[in-house]
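Please read the structure below before turning to the comments.
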Amino acid sequence: MNWDDLFADLQAQFVAQQRAEQGELVANLVEAEAATTTFGDRVRAAKGRSVTARLLDGTDRRGLVTDAAPTWFVLGEGERRSLIRMDAVVAAWPLAGVAPAPGRVEQGLRLGHVLRALAADGAEVLAHTLGGMHRGRIVRVGADHLDLATAAAVLVVPWSALLSVDSQ
């Protein structure tokens, strides 16, 4: 074998080895990124797109993802809006892609902030809970619950029982 052929062969082997290592590295990076992806990241990536969310009680909410933060999102359909806790969802579709990590403002927008804004607005809402539907106005928001003034009583609803808050 002459030297030119020898060096060409060595170079080809080196290039093939580099490509194989890069392919393996890319596969490892993709797998590592998928392992750190949250459900909220997937929902936030769907902002502006139509999504169906199945809630813990088996009911569905459909609409465009109009807003989203790590612990909640809003689906809109026409004039109706549904504020949904991420933890209240058992399945959602179609979800493709992953949003980048939330910024400081987005990370800071917790469910309590949104519920307090709804309380300040004073609009009538439909609170969809594990125990049923309740129409009323949010009059107080605590650290982990809300007070809903209905025609019959002021209900204290733990967020863990809250599936969605729908506009009227």
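In our numbering, the protein residues as written are 53 to 220.
The beta carbon of each residue, even a glycine, is placed where N, CA and C say it ideally should be.
Residue i versus the options, residue with shortest Cα-Cα distance
i	options	result
Gly110	Ile190, Val126, Thr181, Pro154	Thr181
Ala201	Pro122, Pro210, Val191, Gly184	Val191
Leu204	Val142, Ser216, Leu127, Arg189	Correcting the residue type first, residue 204 is Ala in the shown sequence and not Leu. Of the candidates Val142, Ser216, Leu127, Arg189, the one whose C-alpha sits nearest the C-alpha of Ala204 is Arg189.
Met138	Gly128, Trp124, Thr89, Arg132	Trp124
Pro146	Ala153, Thr104, Val166	Thr104
Pro152	Gly160, Thr88, Ile136, Ala60	Thr88
Ser212	Gly183, Asp93, Leu170, Asp61	Gly183
Val217	Gly155, Ala140, Arg156, Gly149	Ala140
Gly194	Trp55, Glu131, Gln159, Pro210	Pro210
Gln220	Gly155, Ala144, Arg162, Gly128	Gly128
Val150	Asp61, Arg71, Gly92	Gly92
Asp112	Val208, Thr90, Ala143, Glu131	Ala143
Leu163	Ile136, Pro154, Thr90, Gly155	Ile136
Thr90	His165, Met185, Pro154	Pro154
Ser134	Glu176, Ala72, Asp61, Glu158	Glu176
Residues sharing a beta bridge with residue i, DSSP
i	result
Phe125	Ala120, Ile136
Asp199	Arg192, Val208
Gly115	Val103
Val67	Val67 is not bridged to any residue.
Ala143	Arg106
Pairwise C-alpha distance: residue j and residue i
i	j	result
Leu215	Val95	16 Å
Gln69	Pro122	41 Å
Leu170	Asp196	15 Å
Val126	Leu178	14 Å
Gln74	Ala148	25 Å
Arg106	Gln65	52 Å
Arg168	Leu207	16 Å
Glu131	Val67	58 Å
Asp199	Gly160	22 Å
Met185	His165	22 Å
Val157	Arg71	41 Å
The beta strand (DSSP E) enclosing residue i, as first and last residue numbers
i	result
Gly188	184-193
Leu214	214-219
Arg168	Note, Arg168: premise wrong, no beta strand (DSSP E); alpha helix (DSSP H) at 163-173.
Arg101	Run containing Arg101: none; DSSP gives neither H nor E here.
Leu147	Segment: none, Leu147 is in no beta strand (DSSP E) and carries neither H nor E.
Glu176	176-181
Enclosing alpha helix (DSSP H) for residue i [first to last residue]
i	result
Arg94	91-97
Glu158	156-160
Exercise. Pairing CB atoms from the segment 113-128 with CB atoms from the segment 92-102, are three or more of them under 8 Å?
Worked result: Cβ pair count under 8 Å is three or more, so yes.
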